[in-house]
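Quick note, the sequences are listed as chains L and A, same order. First residue of the first sequence: 1, per this note's numbering; consecutive thereafter. First residue of the second sequence: 272, per this note's numbering; consecutive thereafter. The beta carbon of each residue, even a glycine, is placed where N, CA and C say it ideally should be. Have a look at the structure below before the remarks.
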Amino acid sequence: MKLDNSTTLEEAETAKPSLWQRVSVFFEDIYNVYRFILRFFKEAFLPPYEFKEFIRQCYEVGYRSFPLITLTGFITGIVFTKQSRPSLSEFGATSWLPSLVSIAIFRALAPLVTALIGAGKVGSSIGAELASMKVTEQIDAMEVSATKPFKFLVCMRVLATTVSIPILVMYTAFVSMIGAYLNVSQNEGTSISAFFQDAFEPISFLDFNTSLIKSIVFGFTIGMVGCYQGFNSSKGTEGVGKAANSAVVLGMFLVFVEEIVIVQISGFFRV
Amino acid sequence: MEKQKADIDKSKAVIDIKGLEKSFGDYDVLRGIDLKVYQGENVVVLGRSGTGKSVLIKIISGLLKPDAGTVNVLGEDVNSLNSKELEQLRLRIGFSFQNSALYDSMTVRGNLEFPLVRNQRKLTKAEVNKEVETVLDAVGLLQTINQMPSELSGGQRKRIGIARTLILKPEIMLYDEPTAGLDPITCIEINHLINEVQKNYHTSSIIITHDLTCAKETGDRVAMLLDGKFERTGTFEEVFNTDDERVKTFYNYNFIQ
Ligand SMILES: Nc1ncnc2c1ncn2[C@@H]1O[C@H](COP(=O)(O)OP(=O)(O)OP(=O)(O)O)[C@@H](O)[C@H]1O
Ligand SMILES: [Mg+2]
Numbered sequence: 001m002k003l004d005n006s007t008t009l010e011e012a013e014t015a016k017p018s019l020w021q022r023v024s025v026f027f028e029d030i031y032n033v034y035r036f037i038l039r040f041f042k043e044a045f046l047p048p049y050e051f052k053e054f055i056r057q058c059y060e061v062g063y064r065s066f067p068l069i070t071l072t073g074f075i076t077g078i079v080f081t082k083q084s085r086p087s088l089s090e091f092g093a094t095s096w097l098p099s100l101v102s103i104a105i106f107r108a109l110a111p112l113v114t115a116l117i118g119a120g121k122v123g124s125s126i127g128a129e130l131a132s133m134k135v136t137e138q139i140d141a142m143e144v145s146a147t148k149p150f151k152f153l154v155c156m157r158v159l160a161t162t163v164s165i166p167i168l169v170m171y172t173a174f175v176s177m178i179g180a181y182l183n184v185s186q187n188e189g190t191s192i193s194a195f196f197q198d199a200f201e202p203i204s205f206l207d208f209n210t211s212l213i214k215s216i217v218f219g220f221t222i223g224m225v226g227c228y229q230g231f232n233s234s235k236g237t238e239g240v241g242k243a244a245n246s247a248v249v250l251g252m253f254l255v256f257v258e259e260i261v262i263v264q265i266s267g268f269f270r271v
Numbered sequence: 272m273e274k275q276k277a278d279i280d281k282s283k284a285v286i287d288i289k290g291l292e293k294s295f296g297d298y299d300v301l302r303g304i305d306l307k308v309y310q311g312e313n314v315v316v317l318g319r320s321g322t323g324k325s326v327l328i329k330i331i332s333g334l335l336k337p338d339a340g341t342v343n344v345l346g347e348d349v350n351s352l353n354s355k356e357l358e359q360l361r362l363r364i365g366f367s368f369q370n371s372a373l374y375d376s377m378t379v380r381g382n383l384e385f386p387l388v389r390n391q392r393k394l395t396k397a398e399v400n401k402e403v404e405t406v407l408d409a410v411g412l413l414q415t416i417n418q419m420p421s422e423l424s425g426g427q428r429k430r431i432g433i434a435r436t437l438i439l440k441p442e443i444m445l446y447d448e449p450t451a452g453l454d455p456i457t458c459i460e461i462n463h464l465i466n467e468v469q470k471n472y473h474t475s476s477i478i479i480t481h482d483l484t485c486a487k488e489t490g491d492r493v494a495m496l497l498d499g500k501f502e503r504t505g506t507f508e509e510v511f512n513t514d515d516e517r518v519k520t521f522y523n524y525n526f527i528q
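Structural data, given as structure tokens:
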């Protein structure tokens, strides 16, 4: 047997995509994502409606992330309060604790924590589910029986995450505040009514709106990324794992990017 | 059990394919396919793994686009249809997938209802139930109605897959390897089912298979896909009465000689 290393190396070199190829693939991807999103808006709001499937998907989103969100939200509330105390007590300002914590939770922590958990639990399972339907030709089977798989599978999931994530964000904020209250009442002996009065005082209408818009965008992103990765996964079983994985990675990445952008925009209104 | 003579109308081609070509990358899968399927006829497509049999019927149902050639199905040119027209055409074509492709998040009932309620919105609940039970009865699996696909055997899944396409009363059936991976007795049942469907639902069919018994039992005509072309078409006897090594190997393997 002749071992000829030089040619195999050369072959490997030519097999690598050139920079130009990579750039064009990148822009092709962007174009495909754009078409995918456009298709969502075209199909999602036209009859026939898949109301039952929408409710089922909302339930799935809530059911999947509920326990983890409860735990994480609660712990976030406690830990954040605990960690903020020392720096405030240096100025003898521990009475500001409720308002400080509530600003942090409502503006940043609750949406972010919920979205990250959503991307991990919901985004990945949407990606894996659709990818395995693709691999086993279930999506093709829907296609050939004229049952509009894009609408049934993609639109309903994206709508479900867009609606459910904001609700979950409110729930997370609520649980975190409970955690914060327990910690404050234990250390400062504040009563529940005094705590929540202090806590809600600094929350403005703008804060509420920004958080709401943020959570809607996060929900939409998580659903969209999961569906896109699943619906366009390559055939074969490794496609399923890849779709689930990239749904999480890309979902989390986009959530952070959107967080920054939305905070910047809302800053303009906060004169 | 010999196949009864089917009622074939040779003057009317329900599928008419001319000069069909399809490649994936550098690999030319189909290289000039011509095929006619007449009204009421079962045409069996034989060929080795990877010769593009599944690709062929995916092109017929518009799931894949051909590189060249025309595909005329029930008088419509599949590739010039817009998405609405394609949907209308697809309702008249039943596609039984190689691996059944049952929706595994739904029960058997859910699987069967899925295409029906989405395409015939005026049906009442009772009418839907009746249709579901009728096709399940036709494939002999009424007892599985509330089971999940994961609880069914391979042969049962195949039959539910066929039932799911029958529920829309298609004029053309495309079977992708209906007997692959099944035991001989189940194979005989499936062959019988295919002939029953042809007779009772008045369908014309393309049946893809490697199984020559299935080909012989169900096919009115056989077409053999070799190197991307239909090299031999005709009755079962005509196709296999040859000295071509490739065809003979196929035959010998199936009927140990
Ligand atoms: N979507 C696709 N993308 C790329 N290549 C494909 C695609 N579909 C099929 N092929 C290739 O086309 C060839 C024919 O595939 P096809 O599934 O039609 O084979 P087949 O004749 O049905 O084989 P089998 O009997 O094993 O089912 C294969 O080599 C396959 O790799
Ligand atoms: Mg095949």
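### Task
Give the residues of chain A in contact with S18 of chain L, contact being defined as C-beta atoms less than 8 Å apart.
Residues of chain A passing the Cβ test: none, with the nearest at roughly 17 Å.
### Task
Ignoring anything shorter than 3 residues or poking outside the stretch 343–410 of chain A, list the beta strand (DSSP E) runs there in chain order.
364–367
### Query
A146 of chain L versus chain A: which residues are under 7 Å apart at the beta carbon?
E358, R361, L362 and N390
### Task
Report back the beta-carbon spacing between A115 of chain L and V255 of chain L to the nearest angstrom; my notes put them in contact at under 8 Å.
5 Å
### Message
Is Y34 of chain L near ligand 1 - that is, is its Cβ less than 8 Å away from at least one heavy atom of it?
### Response
no
### Query
What residues from chain L crowd round Y374 of chain A, counting only those whose CB sits closer than 7 Å?
Q138
### Message
With three or more C-beta pairs closer than 8 Å as the rule, is the stretch 143–152 of chain L touching the stretch 381–390 of chain A?
### Response
When C-beta atoms of the stretch 381–390 of chain A are compared with those of the stretch 143–152 of chain L, three or more pairs fall below 8 Å, so the two segments count as touching.
### Query
In three-state terms, what does DSSP make of E91 of chain L?
The question names Glu, yet the displayed sequence has Phe at residue 91 of chain L. Here F91 of chain L sits in coil by DSSP.
### Query
Which residues in the same chain have their Cβ closer than 7 Å to the Cβ of C58 of chain L, if we skip the five residues on either side of it in sequence?
A160, V163 and S164
#### Entry: A247 of chain L - DSSP class collapsed to helix/strand/coil
Note: A247 of chain L maps to helix in three-state DSSP.
### Query
Does the stretch 475–488 of chain A come within contact of the stretch 319–333 of chain A, defined as at least 3 CB pairs closer than 8 Å?
yes
### Query
In this structure, what does DSSP give as the bridge partners for G505 of chain A?
A:V493
### Message
What would DSSP say about N512 of chain A, mapped onto helix, strand or coil?
### Response
coil
### Query
Of the residues that make up the stretch 285–316 of chain A, which ones have a beta carbon closer than 7 Å to any beta carbon in chain L?
none
### Task
Please check the pair L168 of chain L and I105 of chain L, which I expect to be a contact at CB under 8 Å, by giving their CB distance rounded to whole angstroms.
At roughly 14 Å, the Cβ-Cβ gap does not stay under 8 Å, so L168 of chain L and I105 of chain L are not in contact.
#### Entry: Near ligand 1: V261 of chain L beta-carbon under 8 Å from a heavy atom
No.
### Task
Verify the CB distance criterion: does A131 of chain L have a CB-CB separation below 9 Å to chain A?
No, no contact with chain A.
### Query
Mind pulling the chain A residues with CB within less than 9 Å of A44 of chain L?
Chain A residues near A44 of chain L: none, gap ~16 Å exceeds 9 Å.
### Query
So is the beta-carbon of I479 of chain A under 8 Å away from any non-hydrogen atom of ligand 1?
yes
### Task
Could you list which residues in chain A have their beta carbon closer than 7 Å to that of E143 of chain L, in chain order?
L334
### Task
Check whether the Cβ of D447 of chain A lies closer than 8 Å to any heavy atom of ligand 2, and answer yes or no.
Yes, since a heavy atom of ligand 2 falls inside the 8 Å radius drawn around the Cβ of D447 of chain A.
### Task
Return no unless some Cβ of chain L is closer than 9 Å to the Cβ of N417 of chain A.
Chain L, which has no Cβ nearer than 9 Å to the Cβ of N417 of chain A, makes this no.
### Query
Per DSSP, what kind of secondary structure is A339 of chain A in: helix, strand or coil?
strand
### Contacts around S124 of chain L, its chain only, beta-carbon distance under 6 Å, and the 5 residues preceding and following it disregarded
A244, A247 and V248
### Message
So, with DSSP's three-state summary, where would you put P299 of chain A?
### Response
Here the sequence assigns Asp to residue 299 of chain A, which means Pro is not the residue at that position. Correct three-state label for D299 of chain A: strand.
#### Entry: Helix, strand or coil at D482 of chain A according to DSSP, with G and I counted as helix
coil
### Message
Can you tell me whether Y374 of chain A sits near ligand 1, meaning its C-beta is under 8 Å from at least one heavy atom of the ligand?
### Response
no
### Query
List, in order along the chain, the chain A residues whose C-beta lies closer than 8 Å to that of P48 of chain L?
R389 and R392
### Message
Comparing C-alpha positions only, which one of A:V349, A:I431, A:E402 and A:L306 sits nearest to T415 of chain A?
### Response
A:I431
### Query
Does the stretch 180–191 of chain L come close enough to the stretch 203–220 of chain L to have 3 or more Cβ pairs within less than 8 Å?
Between the stretch 180–191 of chain L and the stretch 203–220 of chain L, the count of C-beta pairs closer than 8 Å stays below three; the two stretches do not touch.
### Query
Which word fits A93 of chain L, buried or exposed, when buried means at least 16 other C-beta atoms lie within 10 angstroms of its C-beta?
exposed
### Query
Taking the C-alpha atoms as reference points, what is the distance between V240 of chain L and W20 of chain L?
28 Å
### Task
Can you tell me the Cβ-Cβ gap for I433 of chain A and V344 of chain A, rounded? I've got them flagged as a contact below 8 Å.
Going by Cβ atoms, the distance from I433 of chain A to V344 of chain A rounds to 19 Å, so no, they are not a contact pair.
### Sequence-distant residues of the same chain with beta carbon closer than 6 Å to I78 of chain L, five excluded per side
Excluding sequence neighbours, I78 of chain L sits near G179 and N183.
### Task
Let me know if K235 of chain L comes out buried or exposed under the rule of 16 or more other beta-carbons within 10 Å of its beta-carbon.
exposed
### Query
Regarding F295 of chain A and ligand 1, is the C-beta to nearest heavy atom distance less than 8 Å?
yes
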